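Residue numbers (this note's numbering): 1 to 262.
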């Protein structure tokens, strides 16, 4: 995989300007931030065959197997005003990749991609604001490609993979190329001022459903529950609670209470 990854350099406008491969790492997110801290890196791809402490939201562990999945992070130096869209373009890029494989994905707000109700991919975006004009960020993406776990695994009832859905093993390098092409295009769109929120909103499975959003370290409440009625212009989910009050929520752990709606 290492030698093939070198071929990605120079094939994209915004990403894979540098390519770093490690057989095993605790997390590509950590390596990506190291690149930014040491080199002010912009557009670097960090890819691994296996993560021992892969990071999801709230520092949850991402379970993977060696040489089975897409596990990558990308460094970005970008305008501060597009930071909220980085997570959107990551999940849209995965969504489009899965559509090209004749799968039927949905995006679970704010960052998971599901097929047949089970998680097939996760995205994460972390940022460090330098000024009102620009910031550094790291986009992390994990896609279950050829992953197949045994019946005793803790994720047996909640995960799926491309292999599990299609019964065919896929070349991770070819999937990575397509994923980066998708991401490169969407990133160019948001740099040019194109509004991708409506497209992202259209893929969100939570809209129209009664949900509960739980918070960590939130002084206001432990959770908010109600009907998800919209995604606002900032990408926040809009919840209408039982008192008909609207809440605009930027992050949280989502549980679907009912399947009412689309």
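We put the CB at the ideal spot given by N, CA and C, even for glycine.
The structure displayed is predicted, hence computed values, not measured ones.
Exposure of residue i, with buried meaning 16 or more beta-carbon neighbours within 10 Å
| i | result |
| --- | --- |
| residue 166 | exposed |
| residue 172 | buried |
| residue 129 | exposed |
| residue 203 | buried |
| residue 218 | Its pLDDT being 49, under 50, residue 218 is placed unreliably in this model, and the value from its coordinates should be taken loosely. Result: exposed. |
| residue 223 | exposed |
| residue 150 | exposed |
| residue 152 | exposed |
| residue 100 | exposed |
| residue 68 | buried |
Best match in the options for proximity to residue i [C-alpha to C-alpha]
| i | options | result |
| --- | --- | --- |
| residue 77 | 41, 90, 147 | 41 |
| residue 270 | 64, 203, 43 | Because the chain spans 1 through 262 in this model, residue 270 falls outside it and cannot be assessed. |
| residue 123 | 147, 131, 92, 100 | 92 |
| residue 89 | 223, 201, 206 | 201 |
| residue 252 | 10, 206, 140, 3 | 206 |
| residue 119 | 126, 127, 147, 100 | 147 |
| residue 140 | 107, 86, 190, 79 | 86 |
Neighbourhood of residue i by C-beta distance below 7 Å, restricted to the same chain and skipping five residues each side
| i | result |
| --- | --- |
| residue 115 | 98, 103, 104, 105, 160, 165 |
| residue 84 | 234, 235 |
| residue 250 | 236 |
| residue 188 | 13, 14 |
| residue 4 | 173 |
Same chain, Cβ closer than 6 Å to residue i, five either side skipped, listed in chain order
| i | result |
| --- | --- |
| residue 121 | 94, 113, 143 |
| residue 262 | Unreliable positioning characterises residue 262 in this predicted model, as indicated by a pLDDT of 49, which lies under 50. The coordinate reading is nonetheless provided below. The answer, listed in chain order, is 208. |
| residue 81 | none |
Own chain, CB closer than 8 Å to residue i, minus 5 neighbours either side, in chain order
| i | result |
| --- | --- |
| residue 226 | 210, 211, 239, 240, 241, 242, 247 |
- Contained alpha helix (DSSP H) runs [length at least 4] in the stretch 138 to 181, N- to C-terminal order: Within the stretch 138 to 181, the runs of alpha helix (DSSP H) that reach at least 4 residues and sit entirely inside it are, in chain order, 162 to 166.
- Message: Within 8 Å, do at least three Cβ pairs link the stretch 178 to 198 to the stretch 89 to 104?
- Response: Taking one beta carbon from each stretch, the stretch 89 to 104 and the stretch 178 to 198 have 3 or more pairs nearer than 8 Å; the two touch.
- Task: Count the C-beta pairs between the stretch 234 to 241 and the stretch 132 to 140 that are closer than 8 Å, then say yes if the count reaches three, no if not.
- Result: These segments do not touch.
- Can you check the stretch 19 to 72 for any alpha helix (DSSP H) of at least 4 residues that lies completely inside it and give the ranges in chain order? 28 to 39, all fully within the stretch 19 to 72.
- Take every Cβ of the stretch 24 to 32, pair it with every Cβ of the stretch 194 to 213, and state whether three or more of those distances are shorter than 8 Å. Too few Cβ pairs lie closer than 8 Å, so no.
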